[in-house]
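Residue numbers (full-length UniProt numbering): 1 to 212. Glycine residues also receive a C-beta, built at the ideal position from the N, C-alpha and C atoms.
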């Protein structure tokens with residue numbers, strides 16, 4: 001299985017319905033502060049939309065719901081690892097993505113044998129308050145040396161203009177949130193992302209492969 005190099009993150013199935021028809025092939029649904037049944041309904045709808053469009057949906061945090069709704073991929077933050085049943089996730093056939101922000105978290109993530117590892121924030125982000133300052137492109141290069149063949153996701157303050165630098169530094173995948181959702185024309189912004197990540201002349205990589 002491969003991961004597309006463009007990885008938007010959205011907070012509703014409505015966003016999934018809007019972006020996937022534009023050609024998005026990898027998208028994360030990250031829902032916060034909603035009741036479990038609302039989350040389940042959103043996950044169910046988003047997964048159905050993605051399956052029809054040959055897009056991989058990644059469910060953030062709610063790994064039990066992801067298993068029950070026959071999803072294919074889940075993303076966990078470091079705090080989620082404290083309670084997640086990795087054995088159950090693997091037994092259900094889900095791919096696993098993990099966040100990392102420092103060396104201790106990277107070591108913990110690698111021990112879980114994930115299908116991709118995310119590093120952030122590469123640049124300052126307005127998405128949420130974080131105790132980590134911007135990592136910078138040098139850290140992206142360092143992380144890529146450490147993770148080897150595991151696909152590396154660069155996240156945090158990413159934009160169309162910054163994407164080529166992240167790829168050049170070693171990222172296999174670049175994730176965007178507010179650069180799309182807060183843009184005056186999200187559809188046009190997504191098309192620009194697709195161009196910079198898939199146009200052979202842009203220097204962006206082919207979809208990231210999986211570790212053996």
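Contacts around residue i, its chain only, beta-carbon distance under 6 Å, and the 5 residues preceding and following it disregarded
| i | result |
| --- | --- |
| residue 45 | 13 |
| residue 144 | 152, 170 |
Identity of the residue in the options nearest residue i by Cα
| i | options | result |
| --- | --- | --- |
| residue 170 | 188, 142, 35 | 142 |
| residue 9 | 99, 181, 194, 83 | 181 |
| residue 11 | 185, 115, 178 | 178 |
| residue 193 | 5, 56, 160 | 160 |
| residue 124 | 88, 69, 155, 190 | 155 |
| residue 30 | 73, 108, 188 | 73 |
| residue 117 | 138, 95, 32 | 95 |
Endpoints, the alpha helix (DSSP H) within which residue i is located
| i | result |
| --- | --- |
| residue 8 | Careful: residue 8 lies outside any alpha helix (DSSP H), inside the beta strand (DSSP E) at 6-10. |
| residue 118 | Premise fails: residue 118 lies in the beta strand (DSSP E), 116-119, not in any alpha helix (DSSP H). |
| residue 18 | 13-19 |
| residue 161 | That residue, residue 161, is in no alpha helix (DSSP H); it is neither H nor E in DSSP. |
Endpoints, the beta strand (DSSP E) within which residue i is located
| i | result |
| --- | --- |
| residue 153 | 152-154 |
| residue 146 | Unbroken run through residue 146 is the alpha helix (DSSP H), 137-147; no beta strand (DSSP E). |
| residue 184 | No beta strand (DSSP E) contains residue 184, which DSSP labels as neither H nor E. |
| residue 174 | 173-176 |
Buried versus exposed, by CB contacts within 10 Å (16 or more), residue i
| i | result |
| --- | --- |
| residue 133 | exposed |
| residue 113 | exposed |
| residue 38 | exposed |
| residue 25 | buried |
| residue 75 | buried |
| residue 104 | exposed |
| residue 197 | buried |
| residue 218 | Because the chain spans 1 through 212 in this model, residue 218 falls outside it and cannot be assessed. |
Residue i beta carbon near the ligand FMN (any heavy atom closer than 6 Å)
| i | result |
| --- | --- |
| residue 158 | This structure simply doesn't include the ligand FMN, nor any ligand for that matter. |
Same chain only: Cβ atoms within 7 Å of residue i, ignoring 5 sequence neighbours per side
| i | result |
| --- | --- |
| residue 17 | 49 |
| residue 80 | 61 |
| residue 47 | 57, 69, 71 |
Practice problem: With a floor of 3 residues, list each beta strand (DSSP E) that falls wholly inside the stretch 22-61, ordered by position along the chain. | Solution: Fully enclosed beta strand (DSSP E) runs of 3 or longer: 26-29, 56-60.
Quiz item: Which runs of the beta strand (DSSP E) fall wholly inside the stretch 70-105 and span at least 3 residues, in chain order?
Solution: As far as the stretch 70-105 is concerned, its whole beta strand (DSSP E) runs of at least 3 residues are 73-76, 95-100.
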